[in-house]
Amino acid sequence: MSTDLTAEAAEEIRRGLGAIRRRTGLDSGEAQLMRYTINAVYKLGNRVVRLSQGNAARERAEKVVRGMALLRQHEVPAVDLDDAFVQPVVVDQWVATIWHYLPHAEGRPKAVELAAPLARLHAIADSPPYLPQWATITTARRRLGGLSTLPADDLLFTEQWVSREVGTSLDSLVALLLSRCDDLEGQVAAARWQLPVGVIHGDAHVGNLLAGRLCDFDSLAVGPREWDLVPLVHSFVRFGESIEPYKQFAAAYGFDLANSSSWPLLREVRELQLVTSVLDKLPGRPEVAHTLGHRLRTYLAGDRSAIWQRYR
149 MSTDLTAEAA EEIRRGLGAI RRRTGLDSGE AQLMRYTINA VYKLGNRVVR LSQGNAARER
209 AEKVVRGMAL LRQHEVPAVD LDDAFVQPVV VDQWVATIWH YLPHAEGRPK AVELAAPLAR
269 LHAIADSPPY LPQWATITTA RRRLGGLSTL PADDLLFTEQ WVSREVGTSL DSLVALLLSR
329 CDDLEGQVAA ARWQLPVGVI HGDAHVGNLL AGRLCDFDSL AVGPREWDLV PLVHSFVRFG
389 ESIEPYKQFA AAYGFDLANS SSWPLLREVR ELQLVTSVLD KLPGRPEVAH TLGHRLRTYL
449 AGDRSAIWQR YR
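So the sequence shown is numbered by the numbering used here: it starts at 149 and just counts up by one.
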């Protein structure tokens, strides 16, 4: 099921998709919105179009295109960019990457299925200079700083939403979260990792696995490989899932993050990421806003047992 959008938000995304389709000649056939969190993901025939806007989106897309060549070189199981197009495709502020659609079974894959493709990715010995250093906290800080530059209507919506859903002002919320960034940056800088630093997927959860292949490479980077194991551990501590799938994954991968000294810190980094990742993209997205509201309220209250829901 695709993300619920207001009519205005849906129309804006359709305009962006229309511009991309006219530029690429993909202007026939029905487009199905599959998901919209940070990117709008459309199925268009036998292709998938990932669409976003802005300078940061363009930088991510350019990195992804270069990174996919690295993954192909090392035979990492991954979805394929469509080489029929010069990528990324940029029209005004809109940025898109176009992929071959990969048919896959309904439902989420098993966690253990992630072990082999992730291990293959982690076997890459290169650390190419075009891949950024892992900087999840820096990304969170940038998103928080960008809130003040939102268009006036979006800023007003976000201020009112924060007041209603979180019970504080937007300025106070941003100050609290920036302070948390400061605390965690110092801890990460002092951390010692058990696994070698190298190429990481950056968001390695089972939702980013299709028919045994990795997808969604927006967070591709060079960093601690433990970071790619965090989403699976976090699934049972925050999303109410059984621990057994994670145990099967850890046995297959060969490292148990849940019993590592790195886990408590990386959990805190992951939770900061998950409460800031869409804070600057709430207008027109009631489902996403509702889900984020619960996350923020429980996060700020220090409620570590609250169950969170995934974005659709």
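Ideal Cβ placement from N, Cα and C applies to all residues, glycine included. Keep in mind the model is a prediction, meaning the values are calculated, not measured.
Which residue's Cα is closest to the Cα of residue i: the options?
{"i": "residue 435", "options": "168, 184, 180", "result": "184"}
{"i": "residue 287", "options": "154, 418, 439, 354", "result": "418"}
{"i": "residue 198", "options": "175, 220, 223, 164", "result": "164"}
{"i": "residue 221", "options": "460, 386, 276", "result": "276"}
{"i": "residue 374", "options": "154, 270, 264, 170", "result": "270"}
{"i": "residue 370", "options": "282, 342, 231", "result": "282"}
{"i": "residue 310", "options": "445, 280, 258", "result": "445"}
{"i": "residue 192", "options": "180, 201, 202", "result": "180"}
{"i": "residue 342", "options": "315, 372, 357", "result": "372"}
{"i": "residue 378", "options": "314, 410, 357, 392", "result": "410"}
{"i": "residue 439", "options": "391, 258, 460, 449", "result": "460"}
{"i": "residue 258", "options": "298, 408, 355", "result": "355"}
{"i": "residue 182", "options": "152, 449, 173, 159", "result": "152"}
{"i": "residue 344", "options": "367, 437, 376", "result": "376"}
{"i": "residue 316", "options": "357, 190, 178, 449", "result": "449"}
{"i": "residue 437", "options": "178, 186, 320", "result": "186"}
{"i": "residue 320", "options": "206, 178, 293, 169", "result": "293"}
Closer than 7 Å by C-beta to residue i: which residues in its own chain qualify, once you throw out the five before and the five after it? Chain order, please.
{"i": "residue 422", "result": "443"}
{"i": "residue 447", "result": "419, 423"}
{"i": "residue 201", "result": "164, 241, 242, 243"}
{"i": "residue 481", "result": "Here the chain has residues from 149 to 460 only, and residue 481 is not among them."}
{"i": "residue 176", "result": "none"}
{"i": "residue 256", "result": "354, 355"}
{"i": "residue 451", "result": "none"}
{"i": "residue 458", "result": "387"}
{"i": "residue 250", "result": "227, 358, 359, 361"}
Determine which residues share a DSSP beta bridge with residue i and list them.
{"i": "residue 196", "result": "191, 247"}
{"i": "residue 369", "result": "348"}
{"i": "residue 184", "result": "188"}
{"i": "residue 381", "result": "The partner list for residue 381 (beta bridge, DSSP) is empty, contrary to what the question assumes."}
{"i": "residue 242", "result": "201, 239"}
{"i": "residue 342", "result": "Looking at the DSSP assignment, residue 342 forms no beta bridge with any residue, so it has no partner."}
{"i": "residue 179", "result": "192"}
{"i": "residue 308", "result": "In the DSSP output, where bridge partners are listed per residue, residue 308 has none listed."}
{"i": "residue 361", "result": "358"}
{"i": "residue 229", "result": "247"}
{"i": "residue 221", "result": "Beta-bridge pairing links residue 221 to no other residue."}
Using beta-carbon positions only, say whether residue i and residue j come within less than 7 Å of one another.
{"i": "residue 244", "j": "residue 234", "result": "no"}
{"i": "residue 226", "j": "residue 430", "result": "no"}
{"i": "residue 156", "j": "residue 432", "result": "yes"}
{"i": "residue 394", "j": "residue 384", "result": "yes"}
{"i": "residue 400", "j": "residue 253", "result": "no"}
{"i": "residue 219", "j": "residue 335", "result": "no"}
{"i": "residue 332", "j": "residue 416", "result": "yes"}
{"i": "residue 161", "j": "residue 204", "result": "no"}
{"i": "residue 248", "j": "residue 228", "result": "yes"}
{"i": "residue 381", "j": "residue 359", "result": "no"}
{"i": "residue 230", "j": "residue 246", "result": "yes"}
{"i": "residue 268", "j": "residue 329", "result": "no"}
Under 6 Å Cβ to Cβ from residue i, same chain only, skipping five residues before and after it: list those, please.
{"i": "residue 396", "result": "260"}
{"i": "residue 214", "result": "278"}
{"i": "residue 312", "result": "none"}
{"i": "residue 272", "result": "222, 347"}
{"i": "residue 154", "result": "432"}
{"i": "residue 216", "result": "229"}
{"i": "residue 398", "result": "404"}
{"i": "residue 367", "result": "350, 351"}
{"i": "residue 169", "result": "175"}
With a cut-off of 8 Å on the beta carbons, I'd call residue i and residue j a contact; round off their distance for me.
{"i": "residue 307", "j": "residue 318", "result": "5 Å"}
{"i": "residue 266", "j": "residue 349", "result": "7 Å"}
{"i": "residue 291", "j": "residue 424", "result": "5 Å"}
{"i": "residue 167", "j": "residue 242", "result": "5 Å"}
{"i": "residue 455", "j": "residue 387", "result": "7 Å"}
{"i": "residue 239", "j": "residue 195", "result": "About 17 Å separates the two Cβ atoms, so there is no contact after all."}
{"i": "residue 173", "j": "residue 314", "result": "Not really, about 45 Å apart at Cβ, beyond 8 Å."}
CB-CB under 8 Å to residue i, same chain, minus the five flanking residues each way: which ones, in chain order?
{"i": "residue 295", "result": "303, 306, 318, 322, 427, 428"}
{"i": "residue 280", "result": "211, 369, 370"}
{"i": "residue 390", "result": "384"}
{"i": "residue 408", "result": "342, 374"}
{"i": "residue 206", "result": "236, 238, 243"}
{"i": "residue 149", "result": "At residue 149, the pLDDT of 40 sits below 50, so the modelled position is not reliable; the number obtained from the coordinates is stated separately. 460."}
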